[in-house]
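Scroll down for the structure; my scribbles are underneath it.
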Amino acid sequence: MIQTLFGSLEPDKAASDEEQKKSIFDRMRQAVSRTRESFSAKIADIAAMTRTVDESALDELETALLTSDLGVPTTTAVLDALRDRARHQAIEGGGELRDLLKEQLIAILSAPAAAAPQEPASPPKVTFLVGVNGTGKTTSSGKLAAWSRARGRSVLLCAADTFRAAAIEQLEIWAARSGVEMIKTRQGGDPAAVLFDAITAAKSRSIDELYVDTAGRLHTKTGLMDELDKMRRTAARLVPGAPHEVLLVMDATTGQNGLQQARLFTQSAGVTGILLTKLDGTAKGGIAVAIARELNLPVRYVGVGEQMTDLLEFSPAEFVDSLLE
51 MIQTLFGSLE PDKAASDEEQ KKSIFDRMRQ AVSRTRESFS AKIADIAAMT RTVDESALDE
111 LETALLTSDL GVPTTTAVLD ALRDRARHQA IEGGGELRDL LKEQLIAILS APAAAAPQEP
171 ASPPKVTFLV GVNGTGKTTS SGKLAAWSRA RGRSVLLCAA DTFRAAAIEQ LEIWAARSGV
231 EMIKTRQGGD PAAVLFDAIT AAKSRSIDEL YVDTAGRLHT KTGLMDELDK MRRTAARLVP
291 GAPHEVLLVM DATTGQNGLQ QARLFTQSAG VTGILLTKLD GTAKGGIAVA IARELNLPVR
351 YVGVGEQMTD LLEFSPAEFV DSLLE
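Each residue of the sequence shown is one higher than the one before, starting from 51 at the first, in the numbering used here.
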């Protein structure tokens, strides 16, 4: 009877896992619909016109990649690889071109994955959210809290953006929505001091995840960058290896302009991964590919809407399949 009971549960679990994967794929597909409408249509046109891929077809592909915001360096790298393949073995038709393009994009997006941080030996895992103002750091902090809670992990939020007016109140709203506690201080207070309090509280309560919402800053703002360094030293002193993850929050709608800003920022902030917001709001979702190649950083999460659950863990294969289905 016990064997029968467990035997009956396994298919249900497998079905549930499959449904979850399908749900995530459907949400990713919906998020990149604006990009897919323009990008996939152009690829379909190339495929329809092409029996054997020639230089003219690759020129058409180049235009499609550039208008989807892959940028010149990444587009050049993709086309060089395809041209090299064509020299050694003919690319037979648009269908094969699409398959080879998928392989190239997935390989680029997967390449920086080795840089993803490891789990700490003991909790809490400390994650900083950094970046410039307006990218959605505070909102993303709340969504991450909800995402972690849904996976059975205990969470604490730290309101270390003491510079921007209403940042603390905004994070309080997200903490309430996601059902987690928050450590804060007054506006204008010392961010390193509130971080000290938050880490101390997380350790005493055996919290799994501590998400730290930091002030928006530019790499050129020396005082604010020094403040971030002080926070990093505080975290490392209290928890070995902390911060274990530093997520640069980027707005997908800013495209190549945001990429240039991020390139400069990552040189001085110890960034380990990207949280890409507003992916559903742009027709240039190819920026995710440019980020992975040009910053050599993994895209870890994507924001796909305004609701608390509108945050997805990024999957290169699902992203590319959604663009080129």
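All C-beta atoms in this analysis are idealised placements derived from N, C-alpha and C, irrespective of residue type, glycine included.
Owing to the predicted nature of the structure, the values given are computational and were not obtained by experimental measurement.
Candidates L129, A163, A161, H138: closest to R148 by CA position: Nearest C-alpha to R148: L129.
With 16 other CB atoms within 10 Å as the buried threshold, where does D262 fall? Before going on, a small fix: residue 262 reads as Val here, not Asp. Buried, since its Cβ has 16 or more Cβ neighbours within 10 Å.
Suppose you measure from the CA of A380 to the CA of L260; what does that come to, to the nearest Å? Not covered by the structure: residue 380. The range shown for the chain is 51 to 375.
Out of curiosity, what's the CA-to-CA distance linking D379 and L274? Here the chain comprises residues numbered 51 to 375, so residue 379 is not present and cannot be evaluated.
Residues in its own chain within less than 7 Å of S228 by CB, not counting five upstream and five downstream? G192, A195, A196, R199, M358
Which stretch, first to last residue, makes up the beta strand (DSSP E) that contains T177? 175 to 180
Which two residues bound the contiguous alpha helix (DSSP H) that contains D247? Per DSSP, D247 belongs to the alpha helix (DSSP H) from 241 to 254.
Roughly how many whole angstroms lie between the Cα atoms of M300 and V82? 16 Å
Please state if the CB of G308 and the CB of N183 are separated by a distance shorter than 8 Å. By the CB criterion at 8 Å, N183 and G308 fall outside the cutoff.
Does the distance from the CB of A140 to the CB of Q154 come in under 8 Å? no
DSSP three-state assignment for M275, whether helix, strand or coil: helix
Taking the alpha carbon of S372 as the reference point, which residue from G291, A107, D104, K152 has its own alpha carbon closest? K152
Please list the terminal residues of the continuous beta strand (DSSP E) segment that includes A209. 205 to 210
Please return the same chain residues whose Cβ sits closer than 8 Å to the Cβ of E146, not counting the five positions on each side in sequence. V103
Taking the alpha carbon of E295 as the reference point, which residue from L314, K234, V180 has its own alpha carbon closest? If you compare the alpha carbons of L314, K234, V180 with that of E295, the shortest gap goes to V180.
Please classify T177: is it buried, with 16 or more other beta-carbons within 10 angstroms of its beta-carbon, or exposed? buried
My output table needs one value for R201: the three-state DSSP class, helix, strand or coil. coil
Would you call the region 274 to 292 and the region 335 to 349 touching, i.e. three or more CB-CB distances under 8 Å? no
Coarse secondary structure for E60, derived from DSSP in three states: Residue confidence for E60 is low, a pLDDT of 45 falling below 50, so the modelled location carries little weight and cannot support an answer.
Contact check, K334 vs G355, beta carbons under 8 Å: no
When we look at the beta-carbon of E368 and count the other beta-carbons within 10 Å, is it buried (16 or more) or exposed? So E368 counts as buried.
Given that a residue counts as buried once 16 or more other Cβ atoms are within 10 Å of its Cβ, and exposed if not, what is E363? exposed
Span separating the alpha-carbon of Q311 from that of V122: 16 Å
Give me the Cα-Cα distance between V370 and I158, rounded to the nearest whole angstrom. 11 Å
By the DSSP assignment, the beta strand (DSSP E) with D301 in it spans what residues? 295 to 301
Should I337 be labelled buried (16 or more other beta-carbon atoms within 10 Å of its own) or exposed? buried
Give the straight-line distance between the Cα atoms of I156 and Q237, rounded to the nearest whole angstrom. 43 Å
Hey, out of Y351, S365, K92, I223, whose CA is closest to A114's CA? Cα-wise, what sits closest to A114 is K92.
Same chain, Cβ closer than 8 Å to K63, five either side skipped, listed in chain order: At K63 the pLDDT is 43, less than 50, meaning the model places this residue with poor confidence; the figure from the coordinates comes in the next sentence. Counting only Cβ-Cβ distances below 8 Å, and skipping sequence neighbours, we find nothing.
Using three-state DSSP, classify V352 as helix, strand or coil. strand
Taking V262 as part of the beta strand (DSSP E), name the residues at either end of that continuous run. 259 to 264
Let's test the definition: count the other Cβ atoms within 10 Å of the Cβ of R86 and tell me whether it reaches 16, buried, or not, exposed. buried
Going by the DSSP bridge assignment, what does M232 pair with across the sheet? L207
Contacts around P366, its chain only, beta-carbon distance under 6 Å, and the 5 residues preceding and following it disregarded: I156, L159, S160
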